[in-house]
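Residue numbers (full-length UniProt numbering): 1 to 288.
Every residue, glycine too, gets a C-beta built ideally from N, C-alpha and C.
What follows is a single structure, written as structure tokens, with notes after it.
Structure below.
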């Protein structure tokens with residue numbers, strides 16, 4: 001989520017984003033082996049690093065997501081987060097105007113809200129139009145927001161707008177979810193993995209959009225399942241598995257086709273047609 005915002009709204013290049021992430025990884029604790037994570041310290045560190053990132057781009061720390069002074073040429077970016085009062089309802093924070101009374105927090109509030117995984121950060125406070133709410137990361141079933149983003153894009157650009165490319169980036173296939181009923185600690189970890197799962201939506205969209213060339217899902221399929229949160233600072237293994245995945249002929253061909261589509265900027269499918277694929281899939285699922 002933070003990567004999407006850095007690329008889309010802050011207009012940072014890939015190297016700048018990677019450097020920012022490396023700084024983040026170096027200063028935030030992910031080691032939960034002995035329940036040693038200081039969530040308060042992680043939350044404070046995250047906010048400070050986000051302030052530094054904005055400052056380096058000439059942006060004040062109190063700048064709103066939908067800032068009237070921002071350039072109209074910037075990409076439209078939407079971030080999703082769940083309030084602690086209702087984990088199944090995703091709030092949307094936009095960098096562009098929208099109908100209705102929509103929340104417009106500061107950039108830092110929105111980023112902290114969408115990243116506030118309970119195992120590693122404190123709930124993030126965000127002032128909504130009438131109340132101050134606590135946010136705890138992604139909503140259940142929406143940690144992968146691609147489906148929600150397609151619906152939002154259809155509303156913003158219209159159902160007749162043609163789409164050149166939809167790119168969904170995963171962080172590696174996770175291990176198979178299983179449960180040893182005699183292990184209570186394992187139950188807690190399983191629930192944590194379920195709440196942060198992205199593959200259910202990814203698999204669903206891959207099935208729905210099987211014949212849509214504009215949809216591309218990239219996700220390292222071997223090796224990442226053994227890397228735990230506390231090991232993310234050791235990026236050597238991540239880079240090795242990613243390089244091996246990208247080098248496979250099938251994935252390499254997908255990327256070449258994607259680059260060609262982006263360069264030509266010719267849409268192969270409309271948002272309306274994408275919606276029909278989704279509705280048709282749901283209808284067939286209900287029948288069977």
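Residue i - containing beta strand (DSSP E), residue span
i, result
"residue 166", "166-169"
"residue 218", "215-218"
According to DSSP, residues forming a beta bridge with residue i
i, result
"residue 85", "Paired residues: none, contrary to the question."
"residue 131", "For residue 131, which the question treats as bridged, DSSP gives no partner whatsoever."
"residue 162", "270"
"residue 106", "64"
"residue 80", "92"
"residue 126", "133"
Any chain D beta carbon closer than 7 Å to residue i
i, result
"residue 171", "Reference to chain D is not applicable here, since this structure consists of a single protein chain."
Alpha carbon of residue i to alpha carbon of residue j, nearest angstrom
i, j, result
"residue 78", "residue 146", "11 Å"
"residue 140", "residue 216", "23 Å"
"residue 109", "residue 123", "11 Å"
"residue 227", "residue 120", "17 Å"
"residue 240", "residue 39", "30 Å"
"residue 144", "residue 76", "18 Å"
"residue 50", "residue 164", "31 Å"
"residue 212", "residue 117", "33 Å"
"residue 236", "residue 15", "17 Å"
"residue 44", "residue 27", "11 Å"
"residue 158", "residue 41", "43 Å"
"residue 247", "residue 152", "33 Å"
"residue 274", "residue 149", "12 Å"
"residue 225", "residue 238", "11 Å"
"residue 85", "residue 111", "19 Å"
"residue 90", "residue 83", "8 Å"
"residue 276", "residue 154", "12 Å"
Limits of the alpha helix (DSSP H) - the one that residue i falls within
i, result
"residue 289", "Summary: the structure shown does not reach residue 289, with the chain confined to residues 1 through 288, and so no result is reported for it."
"residue 142", "Taken as a continuous stretch (DSSP letters only), residue 142 belongs to no alpha helix (DSSP H), as it is neither H nor E."
"residue 237", "235-247"
"residue 204", "199-208"
"residue 71", "Run containing residue 71: none; DSSP gives neither H nor E here."
"residue 52", "39-56"
"residue 16", "14-27"
Residue environment, residue i, which counts as buried when at least 16 other CB atoms sit within 10 Å
i, result
"residue 269", "buried"
"residue 113", "buried"
"residue 56", "exposed"
"residue 280", "Its pLDDT being 49, under 50, residue 280 is placed unreliably by the model, and the measurement read from it follows with that caveat. Per the 10 Å Cβ criterion, exposed."
"residue 198", "buried"
"residue 264", "exposed"
"residue 257", "exposed"
"residue 25", "exposed"
"residue 209", "buried"
"residue 60", "exposed"
"residue 207", "exposed"
"residue 133", "buried"
"residue 1", "buried"
"residue 104", "buried"
"residue 53", "buried"
"residue 126", "buried"
"residue 97", "exposed"
"residue 261", "buried"
"residue 282", "Reliability fails at residue 282, whose pLDDT of 44 lies under 50, so the model's placement of it is uncertain and the value that follows must be treated cautiously. Looking at its Cβ environment, which holds fewer than 16 other Cβ atoms inside 10 Å, residue 282 is exposed."
Cβ distance (whole Å) where residue i is taken to contact residue j below 8 Å
i, j, result
"residue 220", "residue 245", "4 Å"
"residue 214", "residue 168", "Contact flag wrong, Cβ pair sits at about 11 Å."
"residue 65", "residue 95", "5 Å"
"residue 170", "residue 81", "About 20 Å; that fails the 8 Å criterion."
"residue 106", "residue 62", "6 Å"
"residue 74", "residue 11", "7 Å"
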